[in-house]
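Numbered as in our numbering, the sequence shown ends at 222 without a single skipped number.
Positions of the beta carbon are idealized from the N, C-alpha and C atoms, including for glycine.
Since this is a predicted model, take the numbers as computed values, not measurements.
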Amino acid sequence: MNSLENYLLSLQLNNYNTSISQIVEIQIRTWQSLQSRSLYARELLETLQVTHYSLQQQHHELLKHVLPLLGYQTKQQHDNKLLIEHKRLAHWLNLS
């Protein structure tokens with residue numbers, strides 16, 4: 127497995143249904159992994175070459191890479207906004 131797949135498994139997601147609650151859970155778990163300096167998060171950040179980014183930017187990068195693995199499309203809209211879409215679902219995520 128690669129560092130992205132390992133990181134996704136380390137998040138231990140309980141909700142596998144596409145929903146806004148799943149997006150929020152992923153947002154929270156990725157933030158917690160950064161706060162706790164998770165080994166898997168660090169490995170992925172090194173792979174993405176974003177270790178020098180701010181914590182918020184690292185969080186954004188993790189979300190941009192994890193969400194597509196779960197079938198979501200992400201689009202950067204403004205500095206602190208990420209549009210997340212999945213078939214009939216669209217959700218703005220404020221990253222500030």
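Rounded to the nearest angstrom, what separates residue 135 and residue 128 at their Cα positions? 11 Å
For the segment 188-202 against the segment 159-174, are there 3 or more C-beta pairs whose distance is under 8 Å? yes
Where does residue 178 sit, in a helix, a strand or coil, going by DSSP? coil
Alpha helix (DSSP H) containing residue 148: first to last residue? 146-161
What are the boundary residues of the beta strand (DSSP E) that includes residue 130? Here residue 130 belongs to no beta strand (DSSP E); instead the alpha helix (DSSP H) covers 129-136.
State the CB to CB distance for the pair residue 208 and residue 202, rounded to an integer number of angstroms; the pair is presumed to be in contact (CB under 8 Å). 6 Å
Would you grab the beta carbon distance between residue 212 and residue 156 for me? Rounded to a whole angstrom, and I think it's under 8 Å. About 17 Å separates the two Cβ atoms, so there is no contact after all.
Would you please state the rounded distance, in angstroms, between the beta carbons of residue 130 and residue 152? I believe it to be under 8 Å. In fact, because the Cβ distance is near 13 Å, the residues do not count as touching under 8 Å.
Extent of the continuous beta strand (DSSP E) to which residue 208 belongs: 207-212
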